[in-house]
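Following: one structure in structure tokens, then a few remarks.
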Amino acid sequence: MLGNLLFQKIEKKTGVKMSEVLRIANSVQNANFRDETTVRNLIKDVAKAANKNVSKAQEDQIVEAITKDPSALNYDTIGKMMNENK
């Protein structure tokens with residue numbers, strides 16, 4: 713019950729359904745971050761869920777950063793890339 717209440721609050725605050733968050737989280741778990749197509753699809757899914765526009769240049773920059781060294785994946789850096797040029 714507490715989980716449902718938490719999910720409802722998150723949905724209300726973000727406007728993103730928990731089913732969408734869980735779907736993206738599941739796709740991340742088994743994703744091959746060295747595969748450009750996989751990374752591009754994930755970027756598009758996250759951008760759509762977050763209601764953010766990601767330019768082709770931003771997408772290319774994020775893809776390069778992730779596929780180059782997935783073990784060094786830094787979500788703060790990726791978030792900053794998505795918010796550049798706003």
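The numbering used here numbers the first residue of the sequence shown as 713 and each following residue consecutively. No residue lacks a Cβ here, since even glycine has one placed at the ideal position from N, Cα and C. Since this is a predicted model, take the numbers as computed values, not measurements.
**Message:** Using CA atoms only, rank isn't needed, just tell me which of Gln741, Ile736, Phe745 is closest to isoleucine 778.
**Reply:** On the sequence shown, residue 778 is found 66 positions in, with the first residue counted as 1. The shortest Cα separation from isoleucine 778 among Gln741, Ile736, Phe745 belongs to Phe745.
**Asked** arginine 735: which of Pro782, Asp757, Lys724, Val775 sits nearest, CA to CA?
**Response** Along the sequence shown, read from residue 1 onward, the residue named residue 735 stands at position 23. In terms of Cα proximity to arginine 735, the closest of Pro782, Asp757, Lys724, Val775 is Asp757.
**Asked** Just how far apart, CA to CA, sit leucine 718 and lysine 724?
**Response** Position 6 of the sequence shown holds residue 718. Position 12 of the sequence shown holds residue 724. If you draw a straight line from the Cα of leucine 718 to the Cα of lysine 724, it comes to about 10 Å.
**Request:** Identify, in the order they occur along the chain, each residue of the same chain with its Cβ nearer than 7 Å to the Cβ of valine 751, setting aside the five sequence neighbours on each side.
**Result:** One-based indexing of the sequence shown puts residue 751 at position 39. Exclusion of the five residues before and after valine 751 leaves Phe745, Val775, Ile778, Thr779 as the residues of its chain whose Cβ lies within less than 7 Å of its Cβ.
**Request:** Leaving aside the five residues before and after glutamate 732 along the sequence, list all residues of the same chain whose C-beta is less than 6 Å from its C-beta, in chain order.
**Result:** Counting from one through the sequence shown, the residue named residue 732 turns up at place 20. Around glutamate 732: Ala761.
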